[in-house]
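Written out below as structure tokens is the structure these notes cover.
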């Protein structure tokens, strides 16, 4: 078990009607002016945005607003938000939406609080935010886990680069999670969310590390609960229990709990960021579903026993001790079947990725052959290309 | 699933040598003077206390010290600590020890920061702390979970009253958890710790609530991991993996994670507080072990299916669907056997409790017949006496 720091400062208000507290919560920060940041039509059409404005007005809290966040949140809107914060003297950011809105809000908060740095340098790893603005979220989508995570993923559409960075400044001060606000999320987006949530913990589970049996068992609990909840949400979009368990899983899968004592690298996420960076119409969760099984088949022989544990504890498979590889492959097959059963793609072709782009994807993912992603196997440009090819054909 | 607030602000530094950071961590709070609070000989004899003083001195941090915390931390020492803080202008409390030292530190911090209130009123529920001093802990015992919990349990030896209270002010700002610092904990205290840790989550698991399958699965993970780790620590006191998993379980079992969405009441803890309040030589964990199985046998018929889930998921028992009670009773028997196997008592007689005191225990636990503890069954004075009698004879 490796040494670790556990730091989950975000205070979560979970359950029905909790968004009604938002004015009082923001008031605790003594905010002079709030930026309400959101995405497209749904926050408006559902009436949520108007309700939120009402909760702020009831506490005499002044605000400005900025909508328009898209699925892969864009640097140019972040820059617009930073400029607005400076012009208006914003000192609190309220994100109303899903992970994209939250990530955009985080980047705006960091950019606004560190005017001497170009905000894109945070994403590029050239600088780290030293301070930030206080911020809270009303979550309307269970997926990215941004509500409790320390990460923030932004896309520069001019270069097609999608980059994530971690920082203590990326933690929300509070997150309001009312599962009912996700009732209107459609089946496809719900499935993407279930894939993404489980994947945040599956990736941690398959990071190098050992002797973390408590962390492992918690991770298995999160993965299994997410898969069950995801399917139940799709079967019945207004199933409160399923929406609630999925929403809570979203937060726990990515807040650090499931990595305690293990090394940390979200390898398949790195593969996927290149795909949805190049093809902005690709939903992140769908990209992960299309890639994971190929990654798993490519690397599992480097650590069969870890994959056996996964097969046994997550997929409830009896272990074939004479041919353990068969058990592992059966588990990967089951995961692939699960993805298909909830309407997710299991290869890149289905996503519209073109074969001619695979080399570019591998080149980007390897940062021009300068980066390797080292888990159970060292993955450089050549291995990345192998995996992209496998995932294309799968 | 009930609405809930999740708030675990304590920052944990976990692993070998992490205590060396303590001076730098305290420095972040700009403390002028620290109170180092500790227990008996072990912190001194192990050399830890001298090392801690060295880490503070290396950062030019001034300090005073107060030792002498005993197993059930006492109000009179808390009062002494508060007076010392006022006299010396202490603005940060550093607890070096186990749960008793941490609880004593919390109460001192609350008392020192709220001079207009008598500190015992916090324990009696007559007042709630509105502010506190910043505080950190170097943990030397995996048991009470105080390092991340919001609770604090203090005993007034003059009246024999042992009382716990919860408050956001009871959260440590940071906790340093180096499993190696628990290598010298003897087998009996280690067993008491394993019982207490698992019990924090077992009690939450058996609180009323439903549809919390993610929380349930995490709770089962914590309970099973704790039982395994506890036994392994006793078999080999310097087993780092076991000490580490047990220490981390201590924090997660009691920080709120395993109660999300369920109601919250630590019923058997309430029973036990009366026992170790009246018999100060009784270790809290041993008292819990002597009580839990009797409580379980007394109440399980009011919610057989919950106990079946426990039997199946925690004790890996096949369910006897024709006679489900048999499965539940088998699980309780297994838990009793586990307690015996790690040297824990399974009845009150073994602990030295006298039969003539059972009525007084029930009277105290029911606050003079004015309090009931309502879980699956309503437990008033009569039922409490039944359970104390069962636990005496068990």
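Chains as they are written, first to last, in this note's numbering: chain R, 1 to 394; chain E, 1 to 394. Don't be surprised by glycine CBs; every beta carbon is placed ideally from N, CA and C.
1) Quick check: residue 169 of chain R and residue 129 of chain R, are their CB atoms within less than 7 Å of each other?
2) Is there contact here, the stretch 211-223 of chain E with the stretch 105-113 of chain E, by at least three beta-carbon pairs under 8 Å?
3) Within the chosen definition, does the stretch 250-260 of chain R reach the stretch 24-40 of chain R through at least 3 CB pairs nearer than 8 Å?
4) Determine the direct distance from the alpha carbon of residue 329 of chain E to that of residue 323 of chain E, and round the result to whole angstroms.
5) For the beta strand (DSSP E) that residue 195 of chain R lies in, which residues bound it at each end?
6) Counting only C-beta atoms, is residue 12 of chain E closer than 7 Å to chain R at any point?
7) Could you spell out where the beta strand (DSSP E) holding residue 95 of chain R opens and where it closes?
8) Can you pull the chain E neighbours of residue 4 of chain R, defined as C-beta to C-beta under 7 Å?
9) Taking residue 79 of chain E as the reference, which of E:392, E:4 and E:118 has the closest Cα?
10) Quick one: is residue 331 of chain R buried, meaning 16 or more other Cβ sit within 10 Å of its Cβ, or exposed?
11) Counting only runs of 3+ residues fully inside the stretch 128-174 of chain R, write out the beta strand (DSSP E) ranges in chain order.
12) Determine, for residue 402 of chain R, whether the minimum Cβ-Cβ distance to residues of chain E falls below 7 Å.
13) Is it buried or exposed, residue 124 of chain R, if we count other Cβ atoms within 10 angstroms and call 16 or more buried?
14) Within 7 Å of any Cβ in chain E, is that where the Cβ of residue 390 of chain R sits?
15) Drop a sphere of 10 angstroms on the beta-carbon of residue 270 of chain E, count the other beta-carbons inside from all chains shown, and report buried for 16 or more, exposed for fewer.
16) Checking the sheet assignment: what are the DSSP bridge partners for residue 8 of chain E?
17) What in chain E is Cβ-close to residue 128 of chain R, meaning under 9 Å?
18) Go through the stretch 265-305 of chain E residue by residue and report every complete run of the alpha helix (DSSP H) that reaches 4 residues or more, in order.
19) If contact means a Cβ-Cβ distance below 9 Å, which residues of the stretch 209-221 of chain R contact chain E?
20) Counting only the same chain and skipping the five closest in sequence on each side, list residues whose C-beta sits under 8 Å from that of residue 366 of chain E.
21) If we call anything under 7 Å between Cβ atoms a contact, is residue 294 of chain E one with residue 191 of chain E?
22) With 16 other CB atoms within 10 Å as the buried threshold, where does residue 287 of chain R fall?
23) So which of R:361, R:52 and R:357 has the shortest CA-CA distance to residue 181 of chain R?
24) Alpha carbon to alpha carbon, what distance is there between residue 209 of chain E and residue 176 of chain R?
25) Assess contact between the stretch 34-45 of chain R and the stretch 147-166 of chain R, defined as three or more Cβ pairs (one per stretch) separated by less than 8 Å. Is contact present?
26) Tell me the residue span of the beta strand (DSSP E) that contains residue 63 of chain R.
27) Run down chain E in chain order and give the residues with a C-beta less than 8 Å from the C-beta of residue 225 of chain R.
28) Give a yes or no on whether 7 Å exceeds the smallest Cβ distance from residue 1 of chain E to chain R.
29) Chain R beta carbons: is any one of them nearer than 7 Å to that of residue 248 of chain E?
30) If we define contact as Cβ-Cβ less than 7 Å, is residue 7 of chain R a contact residue for chain E?
31) In this structure, does DSSP put residue 14 of chain R in helix, strand or coil?
32) Would you mind giving the Cβ-Cβ distance between residue 173 of chain E and residue 237 of chain E, rounded to the nearest angstrom? I have them listed as a contact below 8 Å.
33) For a test of the three-state rule: what should DSSP assign to residue 183 of chain R, helix, strand or coil?
34) What does residue 244 of chain E reach in chain R if we use C-beta pairs closer than 8 Å?
35) Quick one: is residue 268 of chain R near chain E, going by C-beta distance under 7 Å?
36) Quick check: the Cα distance between residue 122 of chain R and residue 277 of chain R, rounded to an integer number of angstroms?
On the basis of the data shown:
1) Looking up residue 169 of chain R in the first chain gives position 169. Looking up residue 129 of chain R in the first chain gives position 129. The answer is yes: Cβ separation under 7 Å.
2) Contact between the stretch 211-223 of chain E and the stretch 105-113 of chain E is absent, because fewer than three Cβ pairs lie under 8 Å.
3) No, the stretch 250-260 of chain R does not touch the stretch 24-40 of chain R.
4) The residue given as residue 323 of chain E occupies position 323 in the second chain. The residue given as residue 329 of chain E occupies position 329 in the second chain. Between residue 323 of chain E and residue 329 of chain E, the C-alpha separation is close to 10 Å.
5) For the purposes of this step, residue 195 of chain R is taken as the residue at position 195 of the first chain. Per DSSP, residue 195 of chain R belongs to no beta strand (DSSP E); it is in the alpha helix (DSSP H), 187-205.
6) The residue labelled residue 12 of chain E in the question sits at position 12 within the second chain. Taking Cβ atoms only, chain R reaches closer than 7 Å to residue 12 of chain E, which makes this a yes.
7) In the first chain, counting from the first residue as 1, residue 95 of chain R sits at position 95. Per DSSP, residue 95 of chain R belongs to the beta strand (DSSP E) from 92-97.
8) Here residue 4 of chain R refers to the residue found at position 4 when the first chain is read from its first residue. Neighbours of residue 4 of chain R on chain E, chain order: 14 and 15.
9) Taking the second chain and counting its residues from 1, one reaches residue 79 of chain E at position 79. Nearest in C-alpha terms to residue 79 of chain E, of all of E:392, E:4 and E:118, is E:118.
10) For the purposes of this step, residue 331 of chain R is taken as the residue at position 331 of the first chain. Buried is the call here.
11) Along the stretch 128-174 of chain R, the beta strand (DSSP E) occurs as fully enclosed runs of 3 or more residues at 135-139, 151-156 and 161-166, listed in sequence order.
12) Outside the displayed range of chain R (1 to 394) lies residue 402 of chain R, so it cannot be described from this structure.
13) Within the first chain, residue 124 of chain R is the residue found at index 124, counting from 1. Residue 124 of chain R is exposed by the Cβ-count criterion.
14) The residue you call residue 390 of chain R lines up with position 390 of the first chain. Not an interface residue.
15) Counted from its first residue, the second chain places residue 270 of chain E at position 270. Flag for residue 270 of chain E reads buried.
16) If you number the second chain from 1, residue 8 of chain E lands on position 8. BP columns for residue 8 of chain E point to R:8.
17) Locating residue 128 of chain R in the first chain gives position 128, counting from the first residue. Within chain E, no residue comes near residue 128 of chain R; the closest Cβ sits about 17 Å away, beyond 9 Å.
18) For the stretch 265-305 of chain E, whole alpha helix (DSSP H) runs of length 4 or above, ordered along the chain, are 267-278 and 284-299.
19) Cβ contacts with chain E: 210, 211, 212, 213, 214, 215, 216, 217, 218, 219, 220 and 221.
20) Position 366 of the second chain holds residue 366 of chain E. So the list reads 372, 380, 381 and 384, once near-sequence residues are dropped.
21) Along the second chain, read from residue 1 onward, the residue named residue 294 of chain E stands at position 294. Along the second chain, read from residue 1 onward, the residue named residue 191 of chain E stands at position 191. It is not a contact, given that the beta carbons lie outside the stated cut-off.
22) The sequence position of residue 287 of chain R within the first chain is 287, counting from 1. When all chains shown are included, residue 287 of chain R counts as buried.
23) Translated into positions along the first chain, residue 181 of chain R becomes position 181. Nearest of R:361, R:52 and R:357 to residue 181 of chain R, Cα basis: R:52.
24) On the first chain, position 176 is the one that residue 176 of chain R refers to. On the second chain, position 209 is the one that residue 209 of chain E refers to. Residue 176 of chain R and residue 209 of chain E: Cα-Cα distance of roughly 21 Å.
25) Two segments are said to touch when three or more pairs of C-beta atoms, one from each, lie closer than 8 Å; by this definition the stretch 34-45 of chain R does not touch the stretch 147-166 of chain R.
26) As a first step, residue 63 of chain R is located in the first chain; it is residue number 63 there, counting from the start. Its beta strand (DSSP E) spans residues 62-66.
27) The residue given as residue 225 of chain R occupies position 225 in the first chain. Within chain E, 213, 214 and 217 have C-beta atoms less than 8 Å from the C-beta of residue 225 of chain R, given in sequence order.
28) Looking up residue 1 of chain E in the second chain gives position 1. Yes, residue 1 of chain E lies at the interface with chain R (some Cβ there is under 7 Å from its Cβ).
29) Position 248 of the second chain, counting from 1, holds the residue named residue 248 of chain E. It does: the Cβ of residue 248 of chain E has a partner Cβ on chain R nearer than 7 Å.
30) By one-based count along the first chain, residue 7 of chain R stands at place 7. Answer yes: the Cβ-Cβ gap between residue 7 of chain R and chain E drops below 7 Å somewhere.
31) Counted from its first residue, the first chain places residue 14 of chain R at position 14. DSSP places residue 14 of chain R within a strand segment (E or B) once states are collapsed to three.
32) Residue 173 of chain E sits at position 173 when you count from the first residue of the second chain. Residue 237 of chain E sits at position 237 when you count from the first residue of the second chain. 30 Å between Cβ atoms; not a contact.
33) Position 183 of the first chain, counting from 1, holds the residue named residue 183 of chain R. Three-state result, residue 183 of chain R: coil.
34) Counted from its first residue, the second chain places residue 244 of chain E at position 244. Result: 1, 211 and 261.
35) As a working note, residue 268 of chain R is residue 268 in the first chain. Chain E contact via Cβ: absent.
36) For the purposes of this step, residue 122 of chain R is identified with residue 122 of the first chain, where counting begins at 1. For the purposes of this step, residue 277 of chain R is identified with residue 277 of the first chain, where counting begins at 1. Cα to Cα, residue 122 of chain R sits roughly 17 Å from residue 277 of chain R.
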